[in-house]
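Below is one structure; the comments refer to it alone.
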Amino acid sequence: MNIEQSKIPQATAKRLPLYYRFLKNLHSSGKQRVSSAELSDAVKVDSATIRRDFSYFGALGKKGYGYNVNYLLSFFRKTLDQDEVTKVCLIGVGNLGTAFLHYNFTKNNNTVISIAYDVDKDKIGTEIGGVPVFDLDHLEETFADDVTVAILTVPAPVAQSITDRLIAKGIKGILNFTPARLNVPDEIRIHHIDLAVELQSLVYFLKHYPNEEK
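When we follow the working numbering, the leftmost residue of the sequence shown carries the number 42, and every step to the right adds one.
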């Protein structure tokens, strides 16, 4: 993402891909202008937050006119480095990993899983979703230098040791789908996604806050 972290809050940076995806859909439908209220309805972020997010980037729209869809789309494409392809490796070709390989971020033209690793001899040497699967034991010899992001879908007990190996190979960001809380250097960005915890949280809110506005 072509944004200096000191300029905008991290919460704003996380919302930019949501805005970009909706703007792509608007552009495809031929819509020329969009208001902050329309954006709010689509991405489920209140209008005031959207206006504040956009304000970090200067005058992106005009009061009473809204935002020019083509201009915003072009702006966020450059801001999010959509013209550059980020290559990703997947570690762990189980059920979840296999699903990732078949999906392979088809809606994000700038992100692609280019290589995968596993320990299953029946999977090593094959291609799944067009992505080659290599032997995890040989990661150090076969890892591609242009891969900067990793997705972890491995058993929790081996997550840290694999993370250490990935960092040694130059990985800068990790999307962790294991329940393990990984220790990484400050310069490594890691996002933890625990599906079980997210589901438990959802069920809790359904039971205790059934009428709460989202």
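Just so you know, even glycine gets a beta-carbon here, dropped at the ideal spot from N, CA and C.
Quick caveat: nothing in here was measured; it's all calculated off a predicted structure.
Same chain, Cβ closer than 7 Å to residue i, neighbours up to 5 away in sequence not counted
| i | result |
| --- | --- |
| Asp94 | Thr53 and Arg56 |
| Asp87 | Ser81 |
Cβ-based neighbour list, residue i, same chain, cut-off 8 Å, excluding 5 preceding and 5 following
| i | result |
| --- | --- |
| Ser127 | This sequence places Thr at residue 127; Ser is not what is there. Closer than 8 Å at the Cβ level, and outside the excluded window around Thr127, lie Asn151, Thr152, Val153, Thr189 and Val190. |
| Ala19 | Residue 19 lies beyond the stretch modelled for the chain, which goes from 42 to 255, so this question has no answer here. |
| Phe63 | Leu80, Ala83 and Val84 |
| Tyr265 | What is shown of the chain runs 42 to 255, which leaves residue 265 out entirely. |
| Gln51 | none |
| Ile229 | Ile208, Ile212, Lys213, Gly214 and Ile215 |
Nonlocal neighbours in the same chain, by C-beta distance under 6 Å from residue i, ignoring five residues either side
| i | result |
| --- | --- |
| Asp235 | Pro220 |
| Phe175 | Tyr158 and Thr183 |
| Val134 | Ala157, Asp159, Lys164 and Val174 |
| Leu59 | Val84 |
| Leu207 | Ala191 |
| Ile49 | Tyr97 |
Burial state of residue i, where buried means 16 or more other Cβ atoms lie within 10 Å
| i | result |
| --- | --- |
| Val195 | buried |
| Val202 | With the sequence shown as reference, residue 202 is identified as Ser, and Val is not the correct amino acid for it. So Ser202 ends up on the exposed side. |
| Ile146 | Per the sequence presented here, residue 146 reads as Phe, with Ile not at that position. Answer is exposed; the Cβ neighbour count stays below 16. |
| Phe246 | exposed |
| Gly99 | exposed |
| Gly138 | buried |
| Ala200 | buried |
| Met42 | Annotation note: pLDDT 48 at Met42 (below 50); position unreliable, coordinate value reported separately. Result: exposed. |
| Leu243 | exposed |
| Val172 | buried |
| Leu240 | exposed |
Where the alpha helix (DSSP H) through residue i begins and ends
| i | result |
| --- | --- |
| His249 | Leu236 to His249 |
| Tyr108 | Segment Gly107 to Asn109 is the beta strand (DSSP E) holding Tyr108; no alpha helix (DSSP H) there. |
| Ile231 | Unbroken run through Ile231 is the beta strand (DSSP E), Arg230 to His233; no alpha helix (DSSP H). |
| Ile91 | Ser88 to Ser96 |
First through last residue of the beta strand (DSSP E) which encompasses residue i
| i | result |
| --- | --- |
| Val153 | Thr152 to Asp159 |
| Lys128 | Thr127 to Ile132 |
| Phe141 | From DSSP, Phe141 is part of no beta strand (DSSP E) but of the alpha helix (DSSP H) over Asn136 to Tyr144. |
| Thr189 | Val188 to Leu193 |
| Asp176 | Val172 to Asp176 |
Cβ pair residue i, residue j closer than 7 Å
| i | j | result |
| --- | --- | --- |
| Leu67 | Val110 | yes |
| Leu223 | Thr204 | yes |
| His143 | Gly166 | no |
| Val225 | Ile231 | yes |
Cβ of residue i within 7 Å of any chain B Cβ
| i | result |
| --- | --- |
| Phe63 | Absent here is chain B; the protein component of the structure consists of one chain. |
- Query: Quick one: any contact between the segment 210 to 217 and the segment 182 to 195, if contact means 3 or more CB pairs under 8 Å?
  - Reply: Flag = yes, the segment 210 to 217 and the segment 182 to 195 touch.
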